[in-house]
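Structure, rendered in structure tokens:
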């Protein structure tokens, strides 16, 4: 009875040996691939690493007063609200006072680089998608896949290929954070009023003139919503990426989990929330500013 | 081709759908729009359109919604590709132009004004008006100078740094008109340009257009669904129904000799005394009996509409109305019988 399989209760599966062989051979093939090409790929990403290190060093080396000043100028220019500026000053002081300044700067540099890369890749991809229905048909399922695959799963091949470190971390953050950038660029451009495009056509505008003069500017508010979402997702992913060697606030959170340091975890978590709110408020304010022509008020 | 026609449209067909070419013959053999849709799932846009538009004239194309008038005007600058036919502008078939030549054609020959204005909401009035010049890569200083001239001409001076959304509908369409004129096109395409405006604003815009046209002498193609507007603006009127041309001619001709039931219904409610001018309906001396010639007569100007002198005719009861030309000499006559015949519907 024990050896007799019951069709209705045990799901019919491949023999265990076959599954093991399948997993083994796939892993072996991938390992061979990464041993063979890992170095090339690392060299390929070297400029990205330099760019990332440059930002991290810049932010860490800059005097904290200057950083707070610059962030406040950005925040004021974006929001025109003293309340938000004062809030930023207080919360940044809190983070620094609790000894998390350097970690926060590292995370900030990481997020800035990840966001710049996501924009640099995401906007052209989104534009391409908006121009070609075929591109849209191919890219949309890929984006769905990227967004639903648990982030832990795609950490594995990245780590196998590039080992533990900043670059694999950065790549996984970009992969995780880029879909809204692409989607909303595509959506924003496709949403532009057909009559306005027709007007541009009637004046003999070339496709490039239409894109730069009409479609892109009119899509900007939507694109900025994408930038905002990308930043938020990068922030969320920074914690997970710390598992593969990304320094900063996430690493402290990870240390807190493994050692059951509740207060350490809370404090670093709070610092991440502060960073998120600052980035969110500033980027949203810029998004709204772009839409000033939509209001009926005199300017 | 005759040199005084700016635009000549020949055998133009447009059938919307995946495989329209084979259906042209069926349409030619009398298949109706409804039949085409039902049996072949294709929509008839235009069918066998012929139209000559003289240089510097104002051609109105009229029809109800779905009649194909907006489709027709978009063939002139080829925003819509036809299924077959010719669209000659200055002796050149627009439909055979290469993509680059087509862009040049649109930059230099035509400009369009849209029903819903289609202004660029993120650009100021000045930037909107100079949009065509920007596309043509004009020097910014020169573009601004020309644009300001047209902003002034449409009465929007002082608003050049506002955004379209801050302006009323009428003002927005003035921007649309200035944007088209700043391009200095030979041909002005106006797609229901005034239909979205309030009646009073609409009248203002019609007057602005007529005033500008008397000076600029562009070739204007004006789409409307409003007969009063058509009669007021058009040197010539073409009436479309279900994608076919029902009748074409000047206002008087259409008003006095409607060819089809559709046109008759259109002109039924028109106040003739407000549209027809004395010179449109006058008779020559041979049509007038001697008795009337010798009776008591009254003088009116040829350009006066009936409404302007009918009260005097009723009160003074002249035996004959003498119609005067611009130089003050008699160019024709109107008998009381003729007047009452015209005014009787």
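Chains as they are written, first to last, in the working numbering: chain A, 1 to 299; chain B, 1001 to 1345. Each residue gets a CB set at the ideal place from its N, CA and C atoms; glycine is no exception. Computed from a prediction, not measured in an experiment: that's the story for all the values here.
CB contact below 8 angstroms: residue i versus chain A
i, result
"residue 1132 of chain B", "yes"
"residue 1218 of chain B", "no"
"residue 1104 of chain B", "yes"
"residue 1281 of chain B", "no"
"residue 1145 of chain B", "no"
"residue 1075 of chain B", "no"
"residue 1135 of chain B", "yes"
"residue 1363 of chain B", "With chain B represented from 1001 up to 1345, any question about residue 1363 of chain B goes unanswered, as that position is not in the structure."
"residue 1183 of chain B", "yes"
"residue 1178 of chain B", "no"
"residue 1112 of chain B", "yes"
"residue 1040 of chain B", "no"
"residue 1118 of chain B", "yes"
"residue 1006 of chain B", "no"
"residue 1122 of chain B", "yes"
Buried versus exposed call for residue i [16 or more other C-beta atoms within 10 Å across all chains shown]
i, result
"residue 1122 of chain B", "buried"
"residue 1093 of chain B", "exposed"
"residue 1075 of chain B", "buried"
"residue 179 of chain A", "buried"
"residue 28 of chain A", "exposed"
"residue 266 of chain A", "exposed"
"residue 296 of chain A", "Since pLDDT at residue 296 of chain A reaches only 48, below the 50 mark, its modelled position is unreliable, and the value read off the structure follows with that caveat. Exposed, since its Cβ has fewer than 16 Cβ neighbours within 10 Å."
"residue 1309 of chain B", "buried"
"residue 57 of chain A", "exposed"
"residue 1236 of chain B", "buried"
"residue 35 of chain A", "exposed"
Distance between beta carbons of residue j and residue i, contact taken as under 8 angstroms
i, j, result
"residue 223 of chain A", "residue 185 of chain A", "5 angstroms"
"residue 1055 of chain B", "residue 1005 of chain B", "7 angstroms"
"residue 245 of chain A", "residue 174 of chain A", "Incorrect: roughly 16 angstroms between the Cβ atoms, too far for contact."
"residue 284 of chain A", "residue 228 of chain A", "6 angstroms"
"residue 213 of chain A", "residue 205 of chain A", "7 angstroms"
"residue 100 of chain A", "residue 249 of chain A", "7 angstroms"
"residue 1135 of chain B", "residue 1107 of chain B", "6 angstroms"
"residue 1133 of chain B", "residue 1180 of chain B", "About 12 angstroms separates the two Cβ atoms, so there is no contact after all."
"residue 1082 of chain B", "residue 1119 of chain B", "Actually they do not touch by this definition, with Cβ atoms about 28 angstroms apart."
"residue 31 of chain A", "residue 160 of chain A", "7 angstroms"
Length of the line joining the Cα atoms of residue i and residue j
i, j, result
"residue 298 of chain A", "residue 1166 of chain B", "Residue confidence for residue 298 of chain A is low, a pLDDT of 42 falling below 50, so the modelled location carries little weight; the figure read from the coordinates is stated next. One C-alpha to the other measures close to 7 angstroms."
"residue 1146 of chain B", "residue 1131 of chain B", "11 angstroms"
"residue 158 of chain A", "residue 287 of chain A", "33 angstroms"
"residue 1366 of chain B", "residue 1342 of chain B", "In the structure as shown, chain B starts at 1001 and stops at 1345, and residue 1366 of chain B therefore has no counterpart that could be examined."
"residue 1114 of chain B", "residue 1279 of chain B", "34 angstroms"
"residue 1002 of chain B", "residue 1087 of chain B", "Low confidence applies here, because residue 1002 of chain B scores a pLDDT of 46, under 50, leaving its location unreliable and the question unanswered by this model."
"residue 1322 of chain B", "residue 1231 of chain B", "25 angstroms"
"residue 146 of chain A", "residue 176 of chain A", "7 angstroms"
"residue 1217 of chain B", "residue 1057 of chain B", "7 angstroms"
"residue 278 of chain A", "residue 106 of chain A", "16 angstroms"
"residue 1126 of chain B", "residue 1031 of chain B", "49 angstroms"
"residue 1224 of chain B", "residue 139 of chain A", "44 angstroms"
"residue 1301 of chain B", "residue 1331 of chain B", "10 angstroms"
"residue 1306 of chain B", "residue 202 of chain A", "41 angstroms"
"residue 1293 of chain B", "residue 1268 of chain B", "33 angstroms"
"residue 1210 of chain B", "residue 1275 of chain B", "15 angstroms"
Interface flag, residue i vs chain B, CB-CB below 8 angstroms
i, result
"residue 172 of chain A", "no"
"residue 188 of chain A", "no"
"residue 217 of chain A", "yes"
"residue 123 of chain A", "no"
"residue 227 of chain A", "no"
"residue 114 of chain A", "no"
"residue 36 of chain A", "no"
"residue 196 of chain A", "yes"
N- and C-terminal bounds of the alpha helix (DSSP H) containing residue i
i, result
"residue 1109 of chain B", "Neither: residue 1109 of chain B is in no alpha helix (DSSP H) and is coded neither H nor E."
"residue 1070 of chain B", "1069 to 1076"
"residue 1261 of chain B", "1261 to 1268"
"residue 1152 of chain B", "1140 to 1153"
"residue 1281 of chain B", "1278 to 1281"
"residue 1122 of chain B", "Premise fails: residue 1122 of chain B is in no alpha helix (DSSP H) and is neither H nor E."
"residue 148 of chain A", "133 to 148"
"residue 51 of chain A", "46 to 61"
"residue 1309 of chain B", "1306 to 1316"
"residue 229 of chain A", "216 to 241"
N- and C-terminal bounds of the beta strand (DSSP E) containing residue i
i, result
"residue 1013 of chain B", "1005 to 1016"
"residue 1247 of chain B", "1244 to 1249"
"residue 1236 of chain B", "1236 to 1241"
"residue 1222 of chain B", "1219 to 1224"
Discussion item. Short of 7 angstroms Cβ to Cβ, which residues in the stretch 1078 to 1098 of chain B face chain C?
Written reply: No chain C is present in this structure, whose protein chains are A and B.
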